[in-house]
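Below is one structure, written out as structure tokens; comments come after it.
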Amino acid sequence: MRIRGAVLHEPRQPLVVEEVELVSPHEDEVLVRVAAAGVCHSDVRLADGELGDGRWPMVMGHEGAGVVEEVGGAVTHVAPGDHVGFCIVPSCRVCEECRAGRFHLCLPAGENGPRGVLMDGTSRLSLPDGTPVQHALMTACFAERTVVPAAGAIPLPRELPLWQASLLGCGVVTAFGAVRNAARVEPGQSAAVIGCGGVGLQVIAALRIAGADPIVAVDLDAEKLRLASARGATHAVEGGSATTAARVARLTGRGSDWAFEVVGRAETMRLAWDCLRPGGTAVVVGLAPKGVEVALPAIEFLSDKGMRGSYYGSGDAAADVPGLAALALSGELDLGGVVTAVEPLAAVNDALDRLRRGEGARTVLVVDPELAGYA
């Protein structure tokens, strides 16, 4: 079939919303009509060529939700008409990492995702002239329809509007997993969150639900700090000065038990480290460009401070996303509260430019307003 999608032809050039060819799903794949898609800073990293060469042409987008239209013969967990969110790590469940319970580090998913192909190593997308097109993180949801691996389609409750549900499969599961799986934050522990964009705001929500106190939000932008306070931050600190870490330390006692870096820059990773008390741990959630290195004062390892990474929530998205959807339905998690712009697919370049300028939190691209539940 022929669909419209946002295609990256060259890095650092505007995406082109144009017609591409999409073939039917294979045995273990699902065709989804896309309702809405969130625009993540990882999309900027891809679009600007910061995650490696040769990742184009590509239909962009990796955070979204929609309605199943067709399933392959081996698919049993979803059927046409079901609402689903997208998972960027459709774990195979049989590789060494999956058998060890590290589903977010699935080996074939980790190999094929950066190559822009599905789990069998091939693409379902092409330009009208036959040129193969890559799938962004096996999702490619800046488009009217997409074909994803079966494990990349997670069932969602119909009661949850898809424009809100579109955030679950990346920003929300990444943030909540960093708090729950990577850090295992306990009630009463202190935390600092460096970077209060779309994912950082979800980290703050996860910390609030976990019972962390105090929660110190750090950002350069006053509006993002206002949003952070509304999500549950107990204190807000404007960053960018030599005294930022000292201010966090005063607010948390001797420094925070946990510091979450949600920017993807060497200087903010170092700031997260500097905000820690002795024995505290920094969790790096932000995605940095290839080649970026972080320098730390080695003597401070004697204070038992630590730094660890967290990728895609450090857990099992297929198990975590339904629970997060339930939190949203209960009212405990306000998905729409981080959305600062709702726009059509044609506005994708405007959304990316805002992220480059550090403006706003999450933009949701409504691809199909009726399906998305956004009039």
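The opening residue of the sequence shown carries number 60 in the numbering used here; numbering runs sequentially from there. Backbone N, C-alpha and C define an ideal beta-carbon position, used for all residues, glycine too.
(1) Would you check if there are 3 or more beta carbon pairs closer than 8 Å linking the stretch 120-132 to the stretch 84-91?
(2) Given the structure, does Val-75 come close to the ligand SAH, in the sense that its CB is under 6 Å from one of the ligand's heavy atoms?
(3) In angstroms, rounded to a whole number, what distance separates the CA positions of Gly-345 and Glu-78?
(4) Should Val-246 be labelled buried (16 or more other beta-carbon atoms within 10 Å of its own) or exposed?
(5) Hey, is the stretch 193-201 in contact with the stretch 327-346, meaning 3+ C-beta pairs nearer than 8 Å?
(6) How far does the beta strand (DSSP E) with Ser-315 in it reach, from first residue to last?
(7) Under 7 Å, do Gly-64 and Val-127 count as touching if we go by C-beta distance?
(8) Would you give the residue range spanned by the beta strand (DSSP E) that His-142 belongs to?
(9) Out of Cys-154, Arg-217 and Val-148, which has the shortest C-alpha to C-alpha gap to His-163?
(10) Would Asp-409 be called buried (16 or more neighbouring beta carbons within 10 Å of its own) or exposed?
(11) Based on the DSSP output, what are the partners of Met-178 in its beta bridges?
(12) Pro-214 bridges to which residues according to DSSP?
(13) Val-307 to Ala-265, Cα distance in whole Å?
(14) Should Thr-205 and Val-353 be called a contact, given that it needs their Cβ atoms to be closer than 7 Å?
(15) Determine, using beta carbons only, whether Met-178 and Pro-167 come nearer to each other than 7 Å.
(16) By the three-class DSSP mapping on this structure, what secondary structure does Ser-362 have?
(17) For Gly-113 and Pro-70, I'd like the C-alpha separation in whole angstroms.
Well, looking at it:
(1) yes
(2) Looking at this structure, you won't find the ligand SAH or any other ligand, since it has none at all.
(3) 32 Å
(4) Contrary to the premise, residue 246 reads as Pro rather than Val in this sequence. Per the 10 Å Cβ criterion, exposed.
(5) no
(6) 315-320
(7) no
(8) 142-145 is the extent of the beta strand (DSSP E) around His-142.
(9) Val-148
(10) exposed
(11) None; Met-178 has no bridge partner.
(12) Val-143
(13) 19 Å
(14) no
(15) With a cutoff of 7 Å on beta-carbon distance, Met-178 and Pro-167 are scored as near each other.
(16) Helix.
(17) 9 Å
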